[in-house]
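Those protein sequences? They're chains A and B, same order as listed.
Counting from 1, position 45 in the first sequence corresponds to residue 44 in numbering that gives the first Met the number 0; the numbering is continuous, with no gaps.
Counting from 1, position 199 in the second sequence corresponds to residue 198 in numbering that gives the first Met the number 0; the numbering is continuous, with no gaps.
Below is one structure, written out as C-alpha cells, with a few remarks after it.
Protein chains: 2
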Amino acid sequence: MPFDDAFRDDLRALLHWRRDVRRFRRDPLPEGALDRLIATACLAPSVGLCQPWRFVTVDDPARRAALRDLFARCNAEAAAGYAGERAERYAALKLAGLDDAPAQLSVFADRSTAVGHGLGRRTMPEMADYSVVTAIHTLWLAARAEGIGLGWVSILDPAAVARILDVPAEWRFIGHLCIGYPAEEADTPELERAGWERRHPAGEAVLRR
Amino acid sequence: MPFDDAFRDDLRALLHWRRDVRRFRRDPLPEGALDRLIATACLAPSVGLCQPWRFVTVDDPARRAALRDLFARCNAEAAAGYAGERAERYAALKLAGLDDAPAQLSVFADRSTAVGHGLGRRTMPEMADYSVVTAIHTLWLAARAEGIGLGWVSILDPAAVARILDVPAEWRFIGHLCIGYPAEEADTPELERAGWERRHPAGEAVLRR
Chain A
0 MPFDDAFRDD LRALLHWRRD VRRFRRDPLP EGALDRLIAT ACLAPSVGLC
50 QPWRFVTVDD PARRAALRDL FARCNAEAAA GYAGERAERY AALKLAGLDD
100 APAQLSVFAD RSTAVGHGLG RRTMPEMADY SVVTAIHTLW LAARAEGIGL
150 GWVSILDPAA VARILDVPAE WRFIGHLCIG YPAEEADTPE LERAGWERRH
200 PAGEAVLRR
Chain B
0 MPFDDAFRDD LRALLHWRRD VRRFRRDPLP EGALDRLIAT ACLAPSVGLC
50 QPWRFVTVDD PARRAALRDL FARCNAEAAA GYAGERAERY AALKLAGLDD
100 APAQLSVFAD RSTAVGHGLG RRTMPEMADY SVVTAIHTLW LAARAEGIGL
150 GWVSILDPAA VARILDVPAE WRFIGHLCIG YPAEEADTPE LERAGWERRH
200 PAGEAVLRR
C-alpha cells in the first residue's frame, strides 16, 4: 500500500492544522458522525490487540452540567496556583469548550480487560492507557480531516468524572473530549498565540546514545 | 485549511495499513530520515504546550545488545505466565524487531519540565505521558506514509531501560521503537493473523450517558 507525495504533503498539513479546540460553533455534527469517528478510532494500535478503549457519549444535560461544574472547580484550584502576571494570563485563557461543543465524549481505559491475554502489559500495565491515547489521537486527526475540531479537557478530577458518568469501577479516565465545528482555524496552538508558551526546536528533545 | 475526499480516503487507508512491525529488512533509513520524523512528531499535541517528549536514538552496539538481553529476559518471564496451548502460541509469536531494525528510538516523558507552566497537568500529571504517546503515534503515521515501519516494544523493564540508556532520573520511559522498512505489508494486525486475538466491533466499546 504505497502513498504518494501529495498525500504526505496533506498529512503534514493535517498535523500542522490540527488544534486543541476550545472555541466551538454550536451547530450539531452530521447524523452518525460521532459513531463513525469512534469506529475509525478503533483502528488505532493497542498493546496485545487488547482494544482497551471505552467511549462514553455524554448527552444528558444533568451530567453535562455536573462536568462543567467540576471543570470550574478544578480550573479555579489550578488558577490559584499561579501568581502575578502568570495568574492574569491564566485567567484570560479559554481552556474548555464545554458550553458550546455539540458533542462530548469521555474516554476511559479498561486495564482489566482479558482481551489480548495480557500480552505486552506485564512490565508496563500503563500500555493499556497509551493504547487509548492513540485511539483518541486517531479520532482527533480523522475529525480534523472532516473539518471537525476536538478539544481535550484534562482540568478535571478523574475520580469525579467516573462518578458523574457512572462507569465501571475498573475503568480509568483518560480524557474528556469536546467535539464540534471550530469557531476558527489556525496553524498555531492557541496557547502560543496567547503568549502562554512557545514551541521549541525538535533538536532540543534529542539525545544520542 | 480544507481537506478533500481523496485525502480522507488515503488517511483511512493509512490507518488501516499502519502496523506494529516486528519483521524488518536490514537496509538503513535514508540519511536524515529519523531526525525528520522526530521533527514531525513534535507537531503532536501536548498538554499546556509542555512538549515533554524526549527522544533517545540508540546506535551504540553495547547498549543495543543490553536492550536485546533485557527484552529476552522480560519476554521469558512473560512467557512463563502462560500455560498449555496459549503458552505454545506465545512462544511462536515474534514480538520485537530488535535484531534487524536499522533504527532504534527510545522515547521518554519529562514530567518535571517547566515548559507549559504546569497547565492542564494539576489533576492529571499523567497527561505529560499521554502527550508523548501522541508524539510517538504521529511519528508512526508519518513513517508509514513513507513506507517506513515502526514496532513499539513494551516487553521491557522501564527502570532497566533508563539505566542502560543513562538518561536523566526524572525521565519516564514510554516506549522503545524499532524503525525500518517492513519485511511485509498487511492490513491486518500480526497478532490477528497469528490467531492470538481478534478485533471487536467498535459498538461494544461505547456507553451512552
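Think of the CB as a built atom: it goes at the ideal place given N, C-alpha and C, for glycine as much as any other residue.
Using a Cβ-Cβ cut-off of 8 Å, His-175 (chain B) does not count as an interface residue toward chain A, since no Cβ of chain A sits closer than that to its own. Counted as a single uninterrupted DSSP element, the beta strand (DSSP E) harbouring Cys-177 (chain A) occupies residues 170-179. From the listed residues A:Gly-150, A:Trp-139, A:Leu-42 and A:Thr-56, the smallest Cα separation to Arg-197 (chain B) is found for A:Leu-42. Interface flag for Leu-138 (chain B) against chain A is unset, since no Cβ pair is found closer than 8 Å. Think of a sphere of 8 Å around the beta carbon of Ser-153 (chain A): the chain B residues whose beta carbon falls inside it are Val-46, Gly-119, Arg-120, Thr-122, Met-123 and Met-126, in chain order. Between Gly-179 (chain A) and Arg-18 (chain A), the C-beta spacing is not below 8 Å.
As far as DSSP is concerned, Ser-153 (chain B) takes part in no beta bridge.
One Cα belongs to Met-0 (chain A), the other to Val-131 (chain A), and the distance between them is close to 26 Å.
Per the C-alpha coordinates, the member of A:Leu-92, A:Ala-64, A:Val-46 and A:Phe-70 positioned closest to Trp-195 (chain A) is A:Leu-92.
In this structure, the straight-line span from the alpha carbon of Gly-117 (chain A) to that of Asp-34 (chain A) is close to 28 Å.
Around the Cβ of His-199 (chain A), a 10 Å sphere holds fewer than 16 other Cβ atoms; the residue is exposed. Rounded to whole angstroms, the Cβ separation of Val-205 (chain B) and Thr-56 (chain A) is 7 Å, and the two are in contact under 8 Å. For Val-205 (chain B), the beta-bridge partners assigned by DSSP are A:Phe-54.
The straight-line gap separating the alpha-carbon atoms of Ala-161 (chain B) and Ala-78 (chain B) is approximately 23 Å.
Taking 8 Å as the CB threshold, Pro-60 (chain B) stays off the interface with chain A. Looking at the DSSP output, Val-106 (chain B) sits in a beta bridge with B:Phe-54 and B:Gly-174. Taken through DSSP and simplified to helix, strand or coil, Asp-19 (chain A) comes out as strand.
For Glu-184 (chain A) against Trp-16 (chain A), the beta-carbon gap comes to about 7 Å, under 8 Å, which counts as contact. In the displayed model, Gly-148 (chain A) falls within a strand according to three-state DSSP. Residues Phe-54 of the same chain have their beta carbon placed closer than 6 Å to that of Ile-37 (chain B), with the five preceding and five following residues left out of the count. Under the three-state reduction of DSSP output, His-136 (chain A) falls in the helix class. When secondary structure is reduced to three states using DSSP, Glu-191 (chain A) falls in the helix class. Taking a Cβ-Cβ cut-off of 9 Å, the neighbours of Phe-54 (chain B) in chain A comprise Ala-201, Ala-204, Val-205 and Leu-206, given in sequence order.
No residue range can be given for Pro-101 (chain A), since it is assigned to no alpha helix (DSSP H) and is classified by DSSP as neither H nor E. Proximity of Leu-28 (chain A) to chain B, defined by a Cβ-Cβ separation below 8 Å, is not satisfied.
Under a criterion of Cβ atoms nearer than 7 Å, the residues of chain A adjacent to Ala-38 (chain B) are, in order, Ala-201. In the assembly as shown, Thr-187 (chain B) is an exposed residue. Its beta-carbon has fewer than 16 other beta-carbons within 10 Å. For Met-123 (chain A), the secondary structure class from DSSP, reduced to helix, strand or coil, is coil. Boundaries cannot be given for Pro-200 (chain A), as no alpha helix (DSSP H) includes it and DSSP labels it neither H nor E.
Here Pro-157 (chain B) has Phe-172 as same chain residues with Cβ atoms under 7 Å from its own Cβ, once five neighbours each way along the sequence are excluded.
In the same chain as Val-46 (chain B), and ignoring 5 residues on each side of it, the C-beta atoms closer than 6 Å to its own belong to Gly-119, Arg-120, Met-126 and Ser-130, in chain order. At the C-beta level, Leu-66 (chain A) and Leu-97 (chain A) come within 8 Å of one another. Assignment of Ser-130 (chain B) by DSSP, reduced to helix, strand and coil, places it in the helix class. Per DSSP, reduced to three states, the secondary structure at Phe-6 (chain B) is helical.
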